[in-house]
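In the numbering used here, the protein residues as written are 11 to 195.
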């Protein structure tokens, strides 16, 4: 029999106290029934730390999003309900290429369009070395949403980042919005 009940503060305090003493925790319900919740043994940490940024070392550089020669920016959008991955690359001359991967089948990059002069200017402005801010996000990814990797030529450096598409901050948000228009449905 599964019983779902919201615990009172007193009941939570008893559970925490008993857990710290490695004792069995029992809760008496309003119906008079007793439910054994179990025991916790060993040492454990009850503190929750919030982390704003985590640097995870890249274990396999072979999967790193590459920025081809003469490219301004590249994005790889991955995820979704039926996991798929799309790469879009914008070049300095305005050419845009696309490559997709569905169920592990990777297609060759194909030219899919051309940026207008206004779009090219928007990308160049977002990637200007004197105003560029790191690619960042304002919240964690949502299940079944997309995560976007970015690689961009900023001055003489290649800058990289990974953000949840729905929570990307500037300049990543503008770049993602612009380049995902070239992903075929």
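The C-beta atom is built at its ideal place from N, Cα and C for all residues, glycine as well.
Asked, Found
"Where the beta strand (DSSP E) through residue 135 begins and ends", "Looking at the DSSP string, residue 135 is not in any beta strand (DSSP E); the run it does join, the alpha helix (DSSP H), is 127–136."
"Residue span of the alpha helix (DSSP H) that contains residue 85, given as start and end", "That residue, residue 85, is in no alpha helix (DSSP H); its beta strand (DSSP E) goes 81–89."
"Residue 171 and residue 145 closer than 8 angstroms at C-beta", "yes"
"Rounded distance between the beta-carbons of residue 189 and residue 98, thought under 8 angstroms", "4 angstroms"
"Check whether residue 106 and residue 122 have beta carbons under 8 angstroms apart", "yes"
"Buried or exposed (CB count within 10 angstroms, at least 16 for buried), residue 128", "exposed"
"Rounded Cβ spacing between residue 95 and residue 110 (contact assumed at less than 8 angstroms)", "7 angstroms"
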